[in-house]
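Each remark here refers to the structure printed beneath this line.
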DNA sequence: CAGTGGTCTAGACCACTAT
DNA sequence: TAGTGGTCTAGACCACTGA
């Protein structure tokens, strides 16, 4: 057995009778060791058998812990060689807007949706092509502005095919995400989506809604929702004020302590 | 045993003697069933025991297959109830720039990096603060433009602390990612990174380098690399032409067939 | 060759769900 | 209470690595 590797194990304890799974206790403590820099990139972890023997647990349980860390990208394994601490991928660029409302709240603001317009329209040629429907087909049309502190931040325009002719629900006006709208009013199931993130400059109308000067740079997200046959059933355009919105992302796993 | 659930199993075959792991064969075929819409959202999969019994394999192997699908977000499990097909998250917004060069190539273009300038500078007050070093401290300074088809696409400016006073390697000029630069020339290990994605308008200098008119909207990515003590050791600014660059993202798991 | 991680088994007990 | 997924065991054989 390798002494330098066994060293870390002495700083790790598990409680077999705990309700917290053993694999989780292990993964957590190893990840802390890595985060704190106790184990450096490309250094080897103890082998699976060593860990299993040291704690008196099954090797499968050890593997489960290691899988969690590997999935998190914190370690990598090499068959026949061992398990090693990974180097954080610092240049990879991933941006995440999963919970837009949350991000605004984290800036200490309370987002508020205001419905500017909601009505049924007949598709013109452009829209008919976007939604893959007949000319003059019925569509739901929404315009929403999201504000925080009475300051407009996002301007959204949405279209959905209106096949069911069902009334528009109160909840849909609260947070009318495109896939929910599509599910409620089209006859198909929304199953796929395409999003395009671009930069743009505001038009006169957009400038007026957002309260910014003409040609202000903005994020533009175009989203199309498709059903299982890849037919478009909803289309939306979101304009995020560039002077108020930025995407921030942290990578790496070493904390200051 | 439930007949409607067992139905799917008859369309799935595994080869126990194959070099391809059983769990992988299973996961692949289930994911195809889900993709094709054979199993709809919130429908139950056969139970783990059923699947194991049907194929004559261990339940642990079945669980491994199911874990893969759950990790991919295609199914979810509920203790005591069963395993169900998930609903794709269509409104989540995730953008990924991991391999910038690849994305350019997929548009049929060959990216080419051109070094505009590379020299050692003394930090002014602004830079010294950004890199957390003394005024007039030595820094490496890079300016790079990435072109495709002789058309400029990205303009990058990078600073790294220059502690080791090591010569600049040829490879670093080829693709000088900020974390590699920081690793080569600072005394610390790059372990964390912060990235900010913004929209901006080109300055006169940027317009000249990118060959666009003044105030063209652009993506602006600011990246800071930190060592394990959270001290900044490198700083970079990347400007992506907004008229030539967009981020596209597909979500969902139903294919057309 | 001995040692590593990768796969797989055939059990076991548990917490939780529905009836 | 019967059935579900969640955890865990104590083995096994394999492909691969390095000496």
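Chains as they are written, first to last, in our numbering: chain A, 195 to 451; chain B, 195 to 451. Virtual Cβ for every residue (Gly too), placed ideally from N, Cα, C.
DSSP, reduced to helix, strand and coil, places residue 356/B outside both helices and strands of the structure shown, so it counts as coil. Contact between residue 393/B and residue 411/A is confirmed by a C-beta separation of about 4 Å, below the 8 Å threshold. Within its own chain, the residues whose Cβ lies closer than 7 Å to the Cβ of residue 439/B, once the five positions on either side in sequence are excluded, are 347 and 413, listed in chain order.
With respect to chain A, the C-beta atom of residue 393/B has a partner C-beta closer than 8 Å.
At the C-beta level, residue 384/B and residue 373/B come within 8 Å of one another. In this chain, residue 371/A is not harboured by any alpha helix (DSSP H), its DSSP state being neither H nor E.
Residue 350/B carries a strand assignment under DSSP once its states are collapsed to helix, strand and coil.
Counting only residues of its own chain and dropping the five nearest sequence neighbours on each side, residue 285/B has no CB closer than 7 Å to any other CB. For residue 223/A, the closest C-alpha among the options 248/A, 263/A and 241/A is that of 263/A. The beta-carbon of residue 264/B is placed no less than 8 Å from the nearest beta-carbon of chain A. The shortest C-alpha to C-alpha distance from residue 269/A to any of 300/A, 431/A, 252/A and 229/A is the one to 229/A. Residue 260/A: member of the alpha helix (DSSP H) spanning 253-265, first to last residue.
Shown here, residue 237/B sits in coil according to DSSP, grouped into three states, outside any helix or strand. In this structure residue 435/B is buried. Its beta-carbon is surrounded by 16 or more other beta-carbon atoms within 10 angstroms.
Residue-level contact by beta carbon fails for residue 431/B and chain A, as no gap is shorter than 8 Å. Proximity to residue 211/B across 205/B, 219/B and 204/B peaks at 219/B, based on C-alpha coordinates. Within the region 225-249 of chain A, contact with chain B at the beta-carbon level (separation under 7 Å) is assigned to 231. With a contact defined as Cβ atoms closer than 8 Å, residue 387/A and residue 427/A miss out at about 10 Å. In this structure, residue 431/B sits away from residue 442/B, with a CB-CB distance that is not shorter than 8 Å.
Scanning its chain for C-beta atoms nearer than 6 Å, with the 5 sequence neighbours on each side dropped, one finds around residue 390/B the residues 416, in chain order.
Using beta-carbon distances, residue 274/A does not count as an interface residue toward chain B, since no partner is under 8 Å. The continuous alpha helix (DSSP H) containing residue 403/B extends over residues 398-404.
In the three-state reduction of the DSSP assignment, residue 448/A falls in the coil class.
Listed as beta-bridge partners of residue 430/A by DSSP are 352/A and 417/A. Shown here, residue 284/A sits in coil according to DSSP, grouped into three states, outside any helix or strand.
For the pair residue 277/A and residue 298/A, the CB atoms are not nearer than the 8 Å cut-off. For residue 385/A, the chain B residues whose Cβ falls inside 7 Å of its Cβ are 282, 446 and 448, in order along the chain. Scanning its chain for C-beta atoms nearer than 6 Å, with the 5 sequence neighbours on each side dropped, one finds around residue 354/B the residues 334, 375, 376, 379 and 428, in chain order. Counting of Cβ neighbours within 10 angstroms places residue 287/B among the buried residues, the total reaching 16 or more. When the Cα atoms are used, residue 226/A and residue 233/A turn out to be separated by approximately 10 Å. If you check the CB distance, residue 203/A and residue 235/A do not come in under 8 Å.
Membership of residue 325/A in the alpha helix (DSSP H) is indicated by the continuous run 319-325.
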